[in-house]
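Student:
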Amino acid sequence: MTSVADSIVPLVFYGTAFSLFVKFLCNFFFCIFFLCVLRSDAGYQEFVQTHKCHPWSVVIFSTLFSFKLHKFLYSRFMGLDRFYIPFENPERIHNFFNCLTTLNIILSLVPVILIDVYGLSKYNYGS
Numbered sequence: 000m001t002s003v004a005d006s007i008v009p010l011v012f013y014g015t016a017f018s019l020f021v022k023f024l025c026n027f028f029f030c031i032f033f034l035c036v037l038r039s040d041a042g043y044q045e046f047v048q049t050h051k052c053h054p055w056s057v058v059i060f061s062t063l064f065s066f067k068l069h070k071f072l073y074s075r076f077m078g079l080d081r082f083y084i085p086f087e088n089p090e091r092i093h094n095f096f097n098c099l100t101t102l103n104i105i106l107s108l109v110p111v112i113l114i115d116v117y118g119l120s121k122y123n124y125g126s
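For the sequence shown, numbering that gives the first Met the number 0 assigns the number 0 to the initial residue and increments by one for each residue that follows.
As structure tokens, this is what we get:
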């Protein structure tokens, strides 16, 4: 006789593994986008002349942890110039990041929420 917990474990494992894979894939796409598109932007080239290591540190942390850290490239965090790259075509860059964020939400957060709802519906209260 199998318990409810035994039947949920594979679903939780594979759903979580899929979500984690999507997170890494989005981070990888960000890294590729940075290497191919952002580095060739004229505003970025001008910015790199004065701030050499900041963009690379943001890219490294964004690739390793979360691509959403890319916002430090143009957010003017605490009014500092090193947190603002004047991109030549910001609409194209923001459109890519909006698409990547939407893809991340749909493919990584929605499965986790559905797995949580399924698990909560299968477990009895007090167990």
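Idealized CB from N, CA, C, for every residue including glycine.
1) Using 8 Å as the cut-off, can you tell me whether the region 19–37 makes contact with the region 94–107, which would need three or more C-beta pairs spanning the two stretches below that distance?
2) Can you look up Phe45 in the DSSP assignment and give me helix, strand or coil?
3) Look at the alpha carbon of Arg38 and the alpha carbon of Gln44, and state the distance between them as a whole number of angstroms.
4) Give the single residue among Lys67, Tyr117, His50, Ile112 whose Cα lies nearest to the Cα of Leu24.
5) Here's a check: name, in chain order, each residue in its chain whose Cβ is nearer than 7 Å to the Cβ of Phe95, leaving out the five neighbours to either side.
6) Go ahead and label His69 buried or exposed: buried means 16 or more other beta carbons lie within 10 angstroms of its beta carbon, across all protein chains shown.
7) Please go through the same chain and pick out, in chain order, the residues whose beta-carbon is closer than 6 Å to the beta-carbon of Cys52, but skip the five residues on each side of it.
8) To the nearest angstrom, report how far apart Thr15 and Val111 are at their CA atoms.
9) Could you pull the start and end residues of the alpha helix (DSSP H) that Pro54 belongs to?
10) To the nearest angstrom, report how far apart Met0 and Ile92 are at their CA atoms.
11) Please report the distance separating the alpha-carbon of Phe28 from that of Ser120.
Tutor: On the basis of the data shown:
1) yes
2) A small correction: the amino acid at residue 45 is Glu; Phe does not occupy that position in the sequence shown. Helix at Glu45.
3) 7 Å
4) Lys67
5) Phe32
6) buried
7) none
8) 7 Å
9) 53–63
10) Note that Met0 has pLDDT 46, beneath the 50 cutoff, so the model's placement of it is unreliable and the number below is only indicative. Rounded to the nearest angstrom, the two C-alpha atoms are 55 Å apart.
11) 35 Å
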